[in-house]
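Visitor: Below is one structure. I have some questions about it.
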Amino acid sequence: MRLSRFAAVGVASLVLVAAGGVVAQSALTQVPAEVTAGAYKLDSDHGKVTWSVSHLGFSTYTGQFVNVQAELKLDPANPSASSLTAIIPLTDVNSGSDGLNGHLQTPDFFDTANHPTATFVSRSVTVDADDPTEATVVGDLTLRGVTRPVTMEVDFNQAGPSMGGTYRAGFDGEATIKRSDFGITYGIPMGLGDEVELHIEGEFILQP
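Numbers -24 to -1, 1 to 184, taken from mature numbering (1 follows the signal peptide of the UniProt record, and there is no 0), label the letters of the sequence shown in order.
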């Protein structure tokens, strides 16, 4: 897998795959060309953005954004026509520390009173020529009112019916951003990392 490690926003993440046809929704598949085309929504219980950042060089601090919302339009026969949009609620962050969770809401970081969410909107999807289960997704991440391009490297896991009979497609992704690009400079250059790595996990449910 390739992709970096933020919301996000974040965020993100999370999409696609290769050329081919469409098959019946009756069996699990790890072949991208066999995935059912259509409109998908993220199962927010199985979709998270995990972030990690250097803490003064002593450790790598990790947290998660939950309750992410995302919509995926998937076209395995023409992957470049696929698209992903995601909304990451910045108030729904879990760092493992109540004090840090609160600090992240302030103008030092996310300033959620004025910018409660981050968004990601894809602009292109390119499948790896050598491995159709990998794709590069380029899009725009908006955080604190600032929009910057972000590149995610996405891996297709599998698709097919899950418990309860819903048809799902699962992906993992990674991306790296610089928080200073979005005006978040607290702790820089004192040692709090500027680069934030994002790991994105998503199970998308095919819509009727």
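Virtual Cβ for every residue (Gly too), placed ideally from N, Cα, C.
#1: Report the rounded CA-to-CA distance for Asp148 versus Gly178, giving the unit in angstroms.
#2: Among Val42, Thr109, Thr61 and Leu119, which has the Cα closest to the Cα of Gly146?
#3: For Gly75, which of helix, strand or coil comes out of DSSP?
#4: So, under 8 Å CB-CB, Thr88 and Ile63 are touching, yes? Tell me the CB distance rounded to an integer number of Å.
#5: Report all residues from its chain with a CB closer than 6 Å to the CB of Val29; omit the five preceding and five following residues, and keep chain order.
#6: Rounded to whole angstroms, what is the Cα-Cα separation between Asp131 and Ala53?
#7: When the Cα of residue 186 is compared with those of Ile181, Ser100, Leu80 and Ser138, which residue comes out closest?
#8: DSSP state of Val(-2), grouped into three classes?
#9: Just checking my contact of Ser59 with Ser20 at CB under 8 Å: how many whole Å lie between their CB atoms?
#10: State yes or no: is the C-beta of Ile181 within less than 8 Å of the C-beta of Thr118?
#11: Assuming Asp84 and Tyr16 form a contact by the criterion Cβ under 8 Å, report the distance between their Cβ atoms to the nearest whole angstrom.
#12: Assuming Asp116 contacts Thr127 under a Cβ cut-off of 8 Å, what Cβ separation, rounded to an integer in Å, is found between them?
#13: Do you know how far the Cα of Pro165 is from the Cα of Phe34?
#14: Compute every distance between the C-beta of Asp131 and the non-hydrogen atoms of the ligand COA, then say whether any falls below 7 Å.
#15: DSSP state of Leu80, grouped into three classes?
#16: Buried or exposed for Thr95, please, with buried defined as at least 16 other CB atoms from any protein chain shown within 10 angstroms of its CB.
#17: Express the C-alpha separation of Gln6 and Asp107 in angstroms, rounding to a whole number.
Guide: The relevant details are as follows:
#1: 6 Å
#2: Thr109
#3: helix
#4: Contact doesn't hold; Cβ gap of about 13 Å is too wide.
#5: Tyr37, Gly169 and Val172
#6: 17 Å
#7: Residue numbering for the chain in the displayed model covers -24 to 184; residue 186 lies beyond these limits and cannot be assessed.
#8: Because Val(-2) carries a pLDDT of 38, less than 50, the predicted location of this residue cannot be relied on, and the following value inherits that uncertainty. In the structure shown, Val(-2) sits in coil (DSSP, three-state: anything other than H, G, I, E or B).
#9: No, Ser59 and Ser20 are not in contact; Cβ-Cβ is about 19 Å, not under 8 Å.
#10: no
#11: Their Cβ separation, rounded to whole angstroms, is 36 Å, which puts Asp84 and Tyr16 out of contact at 8 Å.
#12: That pair is no contact at about 11 Å.
#13: 15 Å
#14: Questions concerning the ligand COA fall outside what the structure shown contains, since it holds no ligand whatsoever.
#15: helix
#16: buried
#17: 12 Å
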